[in-house]
Amino acid sequence: MITLCGSRPFEFTGALPPLVRLWLLRLVMRFEIHRDLIRTDGLINESLMNALGLGDWVEPSAREYDQKAVRRDLRRLHNAAELEAVMIKAPVILRANIERLKSLVGLSDLDCQILEFAVLIRTERLFDDTADLLGPLATAKVSQVLAILLDRHEAEVRAALSARGLLARSGLLTVNSRDTTTLRAKIDLLSDKLADSLVASAIDPVTSIRDIVAPAAAPTLKLANYDHMTEDVRILLSYLECALQARRRGVNIYLHGPPGTGKTELVRVLAAARSCQLFEVASEDGDGDPISGESRLRAFRAAQCFFSGQMTLILFDEVDDVFSGEDYERSGRTSIAHKRKAWVNRILEVNPVPTLWLSNSIQGIDPAFLRRFDMVVEVPVPNRQQRAGIIRDTCGEFLPDDWIGATSRSAALSPGVVTRAASVVSAIRNSLPAEDAPRAFTWIINNTLRAQGHLRIARHDPNELPPVYDPAFIHADTNLLKLAAGLKHARIGRLCLYGPSGTGKTAFARWLAERIGVNLCVRRASDLFSPYFGASERNIAEAFAEAAQDQSLLLIDEIESFLRDRRDAQRSWEVSLVNEMLTQVESYSGVLVASTNLVDGLDPAAMRRFDLKVKFDYLKGSQAAELFRRHSRQLGFDDPNGHELATVSRMGLLTPGDFAAVVRRHAFDPISNPGEFIDALQAQAAIKNGPKRSIGF
4 MITLCGSRPF EFTGALPPLV RLWLLRLVMR FEIHRDLIRT DGLINESLMN ALGLGDWVEP
64 SAREYDQKAV RRDLRRLHNA AELEAVMIKA PVILRANIER LKSLVGLSDL DCQILEFAVL
124 IRTERLFDDT ADLLGPLATA KVSQVLAILL DRHEAEVRAA LSARGLLARS GLLTVNSRDT
184 TTLRAKIDLL SDKLADSLVA SAIDPVTSIR DIVAPAAAPT LKLANYDHMT EDVRILLSYL
244 ECALQARRRG VNIYLHGPPG TGKTELVRVL AAARSCQLFE VASEDGDGDP ISGESRLRAF
304 RAAQCFFSGQ MTLILFDEVD DVFSGEDYER SGRTSIAHKR KAWVNRILEV NPVPTLWLSN
364 SIQGIDPAFL RRFDMVVEVP VPNRQQRAGI IRDTCGEFLP DDWIGATSRS AALSPGVVTR
424 AASVVSAIRN SLPAEDAPRA FTWIINNTLR AQGHLRIARH DPNELPPVYD PAFIHADTNL
484 LKLAAGLKHA RIGRLCLYGP SGTGKTAFAR WLAERIGVNL CVRRASDLFS PYFGASERNI
544 AEAFAEAAQD QSLLLIDEIE SFLRDRRDAQ RSWEVSLVNE MLTQVESYSG VLVASTNLVD
604 GLDPAAMRRF DLKVKFDYLK GSQAAELFRR HSRQLGFDDP NGHELATVSR MGLLTPGDFA
664 AVVRRHAFDP ISNPGEFIDA LQAQAAIKNG PKRSIGF
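Its first residue numbered 4, the sequence shown is counted upward by one per residue in the numbering used here.
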């Protein structure tokens, strides 16, 4: 209760905190807002008048309304409040929570006052509405207003609100310098939910920012799932251990790769391997609305303050809107890094908590920012063996081995797509017959791949090696098993396979990729040729770059289309095409297999670029007979007799491709016994002998 001298007592019984009432009195009196509220014909804003202690004037009963008397009472209320100002504190819960922030971040008393003000203007509607009566404020005016309301010197308030002040450096509070707007909007708190949490109950500082920086989920993958990145993971783990133990500042690692390749999971796996906590900077708020790049950076800075000195990592995903270059800005979007380069550079140089930044693409990132990262690591789509392992780990309960093998063939299939599809199928398994779960999984996978512009997964790959495949059925002038063992060890080599069509050159490349344990990247002439000037050369360069990036075995089929003798060239682009292919072949650092049916027309310089030239020829008689025996068993026939085997061995001009063609034909035009099989093979061989011409006039 406040007693005014020479007047009866005024009693304020509202729920407004005393500190807010003090600020309201200062606001109304020192900025002369009372002139608009107390008029000759009555009072404006009854709620405010009641809160200030002028309730008896709202509905006068015993006396007539007197404007001058109301203003006198208001001045007395203000003077009485100022006398008690040093005793008036923020609400207990808010004061205790900000005291915790003060201890954690190192805030000054003035910082705490400003933070209390920012919280209460967001949580007390009457205070916010009254402050709006000041009208739109320029940035310079904010310090003046706060200095008056908080009873501090304007210069110290301006310093506390500056970009170099701890409030801004911690990300907790900044001044909106872009717009001339209301007081509340000028004082930009880290988040509205931060204000709500600080006044609701006693919490630890980490809890107060859970809506924008939250503990990461536990990993669902393991280090073994990243065997295709063994060297990268080893270096990452070593560096993170060093950074955490030495409390190293400015540790920033940039991970990029297509969506769903497991970047987020990799960070979670790394954090688990180093036994440290991982916190993620949110990209959307609790309502599902996107958070701007600048707000996310502020959340990141707050997390840096909160977790400094702890065994903690920070994950900052989807950083495109933060670091993207000029092309991004020309599209009409805003890159905060370009608008505030010095600020962002400072962040990357002094952050105390190691941070891993994730992006789907590195193309739009300004090189000026990339060079400030300690490491830039690509997270590629796993190779087939790794994909099969991930599928087995996540779907092994309902997906048979043959379905796992078929699904893992897709080079476009990312771990993210697999885990999401697996979670859907796991949720509905109990309502499905057991045999339908694999079909449901494949249906989900195929729809996603199709939406991404990739080929659907086929249960049976037409390019997959047949069950009877064996390099022993290749008539080559080189020991192929010894060659495969050497390439598996060296991981580098340039081979030219030449010989008649169907002798197994492409199939051998597929087998070799599986033997080495890498993906196979196939490029044919139709994939690389373009009618546009310079585009074919660019396609060739991109094919080699993609294979090198994925550490794939690169198979270029029909190499004769690109390496024709330059002495026979009639157009300039024919020469440049050969030059580009020769340059790429010579500089390729992986395993390259080029195949051709026409070796005689190749440019002489081309053959020197290949480390080994392997001739593939027609099957020897013994090879043809044994391959005939195996295919007969595969088709369910009785073993061929000696006469049938001898017939096949004498046939000549047979290739593994001829046997494969007959087996494919069997699917729609069945053959019933070894004799019909022989007839079909003879027809295949006869085509190579050419049609017999009759003599005529």
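Backbone N, C-alpha and C fix where the C-beta goes; we use that ideal spot for every residue, glycine too.
The beta carbon of R98 lies closer than 7 Å to those of K92 in the same chain, with the five residues before and after it left out. Shown here, Y242 sits in a helix according to DSSP, grouped into three states. Following the DSSP letters along the chain, one finds D404 inside the alpha helix (DSSP H) bounded by residues D404 to T410.
Here S194 has D214 and I215 as same chain residues with Cβ atoms under 7 Å from its own Cβ, once five neighbours each way along the sequence are excluded.
Taking a contact as a CB-CB distance under 8 Å, the pair A528 and E561 counts as one, their CB atoms being some 5 Å apart. By the beta-carbon neighbour count (other beta carbons within 10 angstroms, threshold 16), K508 is buried. Here the C-alpha atom of A546 lies approximately 34 Å from the C-alpha atom of L402. The residue among R653, G655 and A686 with its C-alpha nearest the C-alpha of R668 is A686. C-alpha of T267 to C-alpha of L316: approximately 13 Å in a straight line. Every beta strand (DSSP E) stretch that sits fully inside the stretch 266-300 and reaches 3 residues is listed by chain position as 280-284.
No residue range can be given for E561, since it is assigned to no beta strand (DSSP E) and is classified by DSSP as neither H nor E. Distance check between G645 and each of Q637, G660, S625 and R374 places S625 closest, using alpha-carbon atoms only.
Residue pairing by DSSP places E85 in no beta bridge whatsoever. Of all alpha-carbon atoms in V347, R494, A488 and R38, the one lying nearest the alpha-carbon of A551 is that of R494. In chain order, V31, R74 and L77 place their CB closer than 8 Å to the CB of H37, counting only its own chain and leaving out the 5 sequence neighbours on each side. Taking each of L656, L351, N363 and S555 in turn and checking the Cα distance to H231, the smallest one comes out for S555.
Annotation for R497: the continuous beta strand (DSSP E) segment containing it runs G496 to Y501. Look at the beta carbons and you see the stretch 388-398 not touching the stretch 346-353: under three pairs across the two are nearer than 8 Å. The residues T223 and T397, in chain order, have a CB closer than 7 Å to that of T422 in the same chain once the five nearest residues on each side in sequence are set aside. Within the stretch 161-226, complete alpha helix (DSSP H) segments of at least 4 residues are found at 169-172, 186-189, 195-203 and 208-211, given in chain order.
Taken in chain order, the whole alpha helix (DSSP H) runs of length 4 or more contained in the stretch 446-531 are 483-493, 508-519 and 528-531. In this structure, L22 sits away from A54, with a CB-CB distance that is not shorter than 7 Å.
In this structure, DSSP gives N600 a state outside helix and strand, which the three-state scheme calls coil.
A distance below 7 Å between beta-carbons, with the five flanking residues on each side excluded, links D207 to the following residues of its chain, in chain order: R103.
Separation of the CB atoms of I124 and L170 is rounded to 15 Å, and the pair is thereby denied contact status at 8 Å. For A205, the closest of I96, H156, G109 and L175 by C-alpha to C-alpha distance is I96. About 36 Å separates the beta carbons of T445 and F619, which is beyond the 8 Å limit, so they are not a contact pair. Shortest Cα-Cα distance from S180 to any of I690, L153 and L140 involves L140. DSSP places F319 inside the beta strand (DSSP E), whose first and last residues are T315 to F319. Of the candidates E563, S652 and Y229, Y229 places its Cα closest to the Cα of A391.
The beta carbon of V380 is closer than 6 Å to those of D235 and L258 in its chain, skipping five residues each way along the sequence. Residues of the same chain with a CB within less than 7 Å of the CB of S146, apart from the 5 flanking positions on each side, are E157, V160, R161 and L164 in chain order. With at least 16 other beta carbons inside 10 angstroms of its own, F303 counts as buried.
In the DSSP annotation of this structure, the continuous segment of the beta strand (DSSP E) that includes S362 starts and ends at T358 to S362. Between N433 and I407, the alpha-carbon positions lie close to 21 Å from each other. Around the beta carbon of K485, fewer than 16 other beta carbons sit within 10 angstroms, so the residue counts as exposed.
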